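>
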Amino acid sequence: MYERVVAKGLCAACGACVSLCPYLRSFQGRIVPLNPCDIFEGRCFAYCPRTEVDLKHIHKEVFQREYELTEMGLFRRVLMGRARDRTFRKRAQTGGVVSSLMDFALKAGMISAAILTRRGQDHLPQGVVARTQKEVLACAGSGYVAGPTLQAFNEGDWTPEDQIGVVGLPCQVLALGRMRASDLEKRTPVDQVGLVMGLFCTWALDYEPFLAFLRERLDVFQIEKLDITPPPERILKVNTGTETLEIPLDEIRPFIRPSCQVCADMTAEFSDLSVGTVEGESEWNTVVVRTERGEELLSLAQKAGVIETKPLPEENLAHLLEASLLKKRRALEALRERGELEKGYLKDASRWIRNKLFSDPQG
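Dropping the structure here:
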């Protein structure tokens with residue numbers, strides 16, 4: 386684990402290994418090994434989203450059907466949605482779909498607890514267990530910084546009756562899928578995970594250098610919200626409540642975690658529902674419905690007046706598929722440059738991606 390992932394700078398800081406291994410701890414946005422371990426491939430290695438992955442096995446476990454590689458994974462339909470309650474739209478990101486749906490799932494008894502990400506005043510993200518609307522709203526919004534969300538799942542004080550919902554980035558959703566598909570003895574209640582909601586993600590930032598960058602420009606303790614505008618503008622807006630600082634994305638790209646360069650999943654493909662922004666629609670989310678469970682939640686929320694939806698234009702869907710495919714291409718190229726294509730987790734997908742991207746399959 387240390388040689389293949391941590392030492393190579395490929396750790397996604399997802400938190401899947403924290404509290405399962407006595408030698409790994411989360412500190413300031415990083416996973417830190419405290420002592421050498423004599424287990425060659427333990428749970429940390431088996432659950433890590435950056436070691437070799439059997440996508441077919443995970444797909445069969447999560448979706449109960451054979452794996453078929455596509456631009457953005459298995460899905461039933463894609464639409465636009467937003468929370469009807471303006472409290473969620475104001476506190477959350479774009480349309481507030483994620484927060485409002487998790488709050489509804491708790492109230493409807495579909496889940497009894499939600500694993501979410503909360504950011505403190507210093508903007509260091511950490512996983513939390515939320516059981517009330519107040520706790521859900523405290524986690525609303527994006528920070529664009531990677532954090533060990535799954536640590537909260539590993540450390541949760543669970544009962545056998547708990548049904549757990551998880552909101553995570555693609556790397557975290559993949560790690561959770563690996564937990565569910567693993568043959569190792571379960572030390573977490575992964576069989577009690579009843580809902581997985583994934584977040585679209587192109588990249589995440591490394592906490593320490595990004596915060597140092599912000600501290601040179603403003604008091605980070607005054608930041609109320611971070612938001613990235615859609616193309617073609619692509620600006621990071623930092624809102625303090627009294628002013629908004631606009632930062633071109635090119636200025637923060639140096640802080641993107643190296644692990645994101647080899648990630649081929651933009652839309653959290655192993656989730657029940659995936660949620661992102663809608664290009665050109667500032668107050669709406671793109672919602673990808675992948676499973677019967679996701680369909681059920683969305684349908685019940687619509688009937689209860691919690692969520693409103695409308696069709697996603699074909700042009701937007703085409704752009705989403707293209708963007709997802711391009712992320713796969715970038716990951717493929719990054720693995721090739723590292724000399725790890727055939728032993729990396731994309732080995733099963735590399736031929737399909739080449740055929741999809743290049744007229745010459747050997748290109």
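All letters in the sequence shown, in the order written, are residues 386 to 748 by the numbering used here. Just so you know, even glycine gets a beta-carbon here, dropped at the ideal spot from N, CA and C. All figures in this text were calculated on a predicted structure; none of them were measured in a lab.
(1) Nearest to Gly690 by alpha carbon, out of Phe489, Ile641, Gly541 and Lys713?
(2) By Cβ distance below 6 angstroms, which residues in the same chain neighbour Gln646 in space, the five residues on each side in sequence not counted?
(3) In whole angstroms, what separates the C-alpha of Pro746 from that of Glu456?
(4) Can you list, in chain order, the stretches of the beta strand (DSSP E) that have 3 or more residues and sit fully within the region 395-430?
(5) May I ask you to verify whether the region 531-539 touches the region 396-403, counting CB pairs closer than 8 angstroms and requiring at least 3?
(6) Take every Cβ of the region 572-580, pair it with every Cβ of the region 453-471, and state whether three or more of those distances are shorter than 8 angstroms.
(7) Could you pull the DSSP bridge partners for Pro633 from this structure?
(8) How many Å lie between Glu699 and Ile613 at the Cα?
(9) Considering only the beta carbon of each residue, do Ile632 and Leu621 sit closer than 8 angstroms?
(10) Which of the three DSSP states is assigned to Arg714 in this structure?
(11) From which residue to which residue does the beta strand (DSSP E) around Ile549 run?
(12) Cutting at 6 angstroms between CB atoms, please list the residues of its own chain near Gly583, excluding the five before and the five after it.
(13) One question on the structure: do Gln548 and Gln506 come within less than 8 angstroms of each other, judged by their Cβ atoms?
(14) Identify, in the order they occur along the chain, each residue of the same chain with its Cβ nearer than 6 angstroms to the Cβ of Ser484, setting aside the five sequence neighbours on each side.
(15) Can you list, in chain order, the residues of its chain with a C-beta nearer than 6 angstroms to that of Tyr432? Leave out the 5 residues immediately preceding and following it.
(16) Could you tell me the boundaries of the alpha helix (DSSP H) in which Gly536 lies?
(17) Please list the segments of the beta strand (DSSP E) lying wholly inside the region 566-603, counting only runs of 3 or more residues, in order along the chain.
(18) Do you know how far the Cα of Ala649 is from the Cα of Ile443?
(19) How many angstroms separate the CA atom of Val674 from the CA atom of Glu681?
(20) What residue from Trp543, Glu628, Arg469 and Ala686 has the CA that sits closest to Lys610's CA?
(21) Note down the Cα distance separating Lys441 from Leu711, rounded to an integer number of angstroms.
(22) Measure the C-alpha to C-alpha separation of Arg715 and Tyr408 and round it to an integer number of angstroms.
(23) Identify the continuous beta strand (DSSP E) that holds Ile613 and give its terminal residues.
(24) Can you check whether the CB of Glu707 is closer than 8 angstroms to the CB of Pro480?
(25) Can Gly394 and Gly532 be called in contact, C-beta distance under 8 angstroms?
(26) Once you ignore the five residues that flank Asp423 on each side, which residues in its own chain have a CB closer than 8 angstroms to its CB?
(27) With a 10 Å radius around its C-beta and 16 neighbouring C-beta atoms as the bar for buried, classify Pro510 as buried or exposed.
(28) Out of curiosity, what's the CA-to-CA distance linking Thr694 and Leu554?
(29) Leaving aside the five residues before and after Gly748 along the sequence, list all residues of the same chain whose C-beta is less than 6 angstroms from its C-beta, in chain order.
(30) Do Ile692 and Leu486 count as a contact pair if the criterion is CB distance below 8 angstroms?
(31) Taking the alpha carbon of Glu388 as the point to measure from, which residue in Arg410, Val514 and Cys429 has its own alpha carbon closest?
Short version:
(1) Phe489
(2) Ala719
(3) With a pLDDT of 42 at Pro746, under the threshold of 50, the predicted position of this residue should be treated as unreliable, though the coordinate-derived value follows. Taking the straight line joining both Cα atoms gives about 17 angstroms.
(4) 409-412 and 415-418
(5) yes
(6) no
(7) Ile620
(8) 23 angstroms
(9) yes
(10) helix
(11) Ile549 to Gly553
(12) Val558, Ala653, Ser656 and Ser659
(13) no
(14) Phe473, Ala477, Val521 and Ala525
(15) Ala401, Ala560, Arg563 and Met564
(16) In the sequence on display, residue 536 carries Gln and not Gly. Leu535 to Glu540 is the extent of the alpha helix (DSSP H) around Gln536.
(17) 578-584
(18) 16 angstroms
(19) 10 angstroms
(20) Glu628
(21) 21 angstroms
(22) 33 angstroms
(23) Lys610 to Ile613
(24) At residue 480 the sequence reads Gly, which differs from the Pro that was named. No; because the gap between Cβ atoms is not below 8 angstroms, this pair is not in contact.
(25) no
(26) none
(27) buried
(28) 23 angstroms
(29) Note that Gly748 has pLDDT 42, beneath the 50 cutoff, so the model's placement of it is unreliable and the number below is only indicative. Around Gly748: no qualifying Cβ.
(30) yes
(31) Cys429
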